[in-house]
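Comments concern the structure below.
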Amino acid sequence: MNQIEWNDFTKVELRVGRVTSAEVFAEARKPAYKLHIDFGPEIGMRKSSAQITAHYTPENLIGKLVVAVVNFPPKQIGPLMSECLVTGFHDAEGRVTLCVPEHEVPLGTKLL
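Sequential numbering of the sequence shown, starting at 1, is according to full-length UniProt numbering.
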């Protein structure tokens, strides 16, 4: 494992957002959803693609809090311009489960 300096970590903006809409990303090479995420008044709405179809449906993602990196440059993923990276972990079968706060926190809160 490569070690990083504390200043490297502080450059990463991991923020809490709420999924406001989710739909199947039909054009994706691997099963994925298109997400619209509200990060509060400072950051606003961001779009993302997430390969989380094994554990989630579009309907049960609406209203869910997620943790995402919001300071990567936009990345073109097929027809979608992704504006943030939603975080998660692979389970024992390789399916992604989201990294989420255990309790309600204000939108846009930075991970410390």
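Even glycine gets a Cβ: it sits at the ideal position worked out from N, Cα and C.
Ranking Leu112, Gln3 and Gly94 by CA distance to the CA of valine 69 puts Leu112 first. Contact between serine 48 and cysteine 99 is absent: CB atoms are separated by about 13 Å, not below the 8 Å threshold. Fewer than three beta-carbon pairs drawn from the segment 69-80 and the segment 53-60 are found closer than 8 Å, and the two stretches are therefore not classed as touching. An exposed status is given to lysine 11, since fewer than 16 other beta-carbon atoms sit within 10 Å of its beta-carbon.
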